[in-house]
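Position 92 of the sequence shown, counted from 1, bears residue number 93 in the working numbering, the numbering being contiguous throughout. A short write-up of the structure that comes next.
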Amino acid sequence: MSPRSTPLGRRSLLEATVALSAATATAAVAGSAFAFGEEGAFHPRVMLTGPAKWEGVRATAPARWSEELARRTSAPARLRPATVRADSPDLLAEPFAIWNGGGDPFALTPREVANIRRFVLLGGILFVDDFDPATSAFSQRARRELARVLPDQTPIAIGPENVVFRSFYLLRRAAGRVAGPPKLEAIVRGGAAQILFSKHDVLGALATAAGGTPAMSIEGGGEGQREEAIRLAVNIAMYVLCSNYKDDQVHAEHLMRRRGSGR
């Protein structure tokens, strides 16, 4: 086990289980068309904009994300993740989506802008992952487009002090296929990080080839860095699962703070 991060104790995992059960029960009682995550399972959906398609070497990464979460934490996860269009009503059905790319993404249409804004205002969490941090073309354009979604919000750097870095493993820094900066950036609303920006190519670190072997080599830190990327992915998943629709997010964040401090 890497000295840089450790899983939390049995009591903390019990608290996580209680939080997950409470979130599932709340969704079941609400019965609303917009009650996120009604099945209570982590679902790493890839959000597609414009005519974009989800294909290539990283196409296996969302399933690996779910597999690692289920194996390491016993949390529920969908092992056959799907894609969702940014302008589709289906975006609002669940609390998490991934927007990623390695070049200049398509400009958001007015309908996509409005739908993503509603997703965020309902409490959704969007993970923005840059496949090519060296050029940062995707990151820069994605930021400009998301500024149209939330014009009054500015990303801030978040690190080990933030619950995302402490939701299951205690992480000292962010990592992916590329080492990247030690911190993520996030748009934080009401104390909750809702749009996470990564310059690490986390999905590249998760991607698998035939037989389950890694599909892409790590730049910078070897296989230990891939493990750190997996742990970051697990933490993000736990953060999503322990966040709930609208007002219940406050209680989930309190639970995660307790887990991070070991109380």
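Don't be surprised by glycine CBs; every beta carbon is placed ideally from N, CA and C.
Exercise for the section: Specify, as a first and last residue, the run of the alpha helix (DSSP H) that Glu-68 falls within. Expected result: 62 to 74
Practice task
Answer yes or no: do Val-150 and Arg-118 have a C-beta to C-beta separation smaller than 8 Å?
Solution key: yes
Handout entry: Proximal residues to Gly-160 (C-beta, below 6 Å), its chain only, five neighbours per side dropped
Key = Lys-184
Problem - Leu-197, enclosing beta strand (DSSP E) - first and last residue - result: 193 to 199
Exercise for the section: Enumerate in chain order the residues of its own chain whose CB-to-CB distance from Lys-247 is below 6 Å, with the five nearest sequence positions on each side excluded. Expected result: The pLDDT assigned to Lys-247 is 39, lower than 50, so where the model puts this residue is not dependable; a value taken from the coordinates is nonetheless given after this. Contacts found: Gly-124.
Handout entry: Where Glu-146 falls, given that 16 or more other Cβ within 10 Å makes a residue buried
Key = buried
Problem - C-beta atoms of Pro-45 and Ile-99 nearer than 8 Å - result: A contact, by the Cβ cut-off of 8 Å.
Exercise for the section: For Phe-43, name the three-state secondary structure that DSSP assigns. Expected result: Phe-43: strand per DSSP, three-state reduction.
Practice task
Look at the alpha carbon of Pro-182 and the alpha carbon of Ala-64, and state the distance between them as a whole number of angstroms.
Solution key: 26 Å
Practice task
Measure the Cβ-Cβ separation of Leu-207 and Ala-62 and say whether it is below 8 Å.
Solution key: yes
Exercise for the section: Tell me the start and end of each unbroken beta strand (DSSP E) in the region 114 to 180 that is at least 3 residues and wholly inside, in chain order. Expected result: 126 to 131 and 157 to 159
Handout entry: Nearest neighbour of Glu-220, chosen from Lys-200, Ala-108 and Arg-79 [CA to CA]
Key = Lys-200
Problem - Straight-line Cα distance separating Leu-109 from Ala-180 - result: 29 Å
Problem - Beta bridge counterpart(s) of Phe-97 as assigned by DSSP - result: Ile-126
Practice task
Look at the Cβ atom of Ser-137, then the Cβ atom of Asp-130, and state whether they are nearer than 8 Å.
Solution key: No, they are not a contact pair.
Handout entry: Per-residue burial, Pro-106 [other beta carbons within 10 Å of its own, 16 or more giving buried]
Key = buried
Problem - Beta-carbon contacts of Val-251 that lie in its chain and below 6 Å, excluding the five residues immediately before and after - result: Because the pLDDT of Val-251 is 38, which lies under 50, any placement of that residue in the model is unreliable, and the question is left without a value.
Practice task
Quick one: using the 10 Å Cβ neighbour count with 16 as the cut-off for buried, is Ile-126 buried or exposed?
Solution key: buried
Problem - Environment of Gly-104 [buried if 16+ CB atoms lie within 10 Å] - result: exposed
Problem - Helix, strand or coil at Pro-215 according to DSSP, with G and I counted as helix - result: Residue state, collapsed to three classes: strand.
Handout entry: Counted within 10 angstroms of its Cβ, other Cβ atoms place Gln-141 as buried (16 or more) or exposed
Key = exposed
Problem - Nearest-angstrom beta carbon gap, Ala-143 and Ala-176 [assumed within contact, 8 Å] - result: About 20 Å; that fails the 8 Å criterion.
Practice task
Starting from Glu-229, trace the alpha helix (DSSP H) both ways and give me its first and last residue.
Solution key: 223 to 242
Problem - Start-to-end residues for the alpha helix (DSSP H) that takes in Ala-187 - result: Premise fails: Ala-187 lies in the beta strand (DSSP E), 185 to 190, not in any alpha helix (DSSP H).
Handout entry: When Pro-52, Ala-148 and Ala-76 are compared against Asp-88, the one with the closest alpha-carbon
Key = Pro-52
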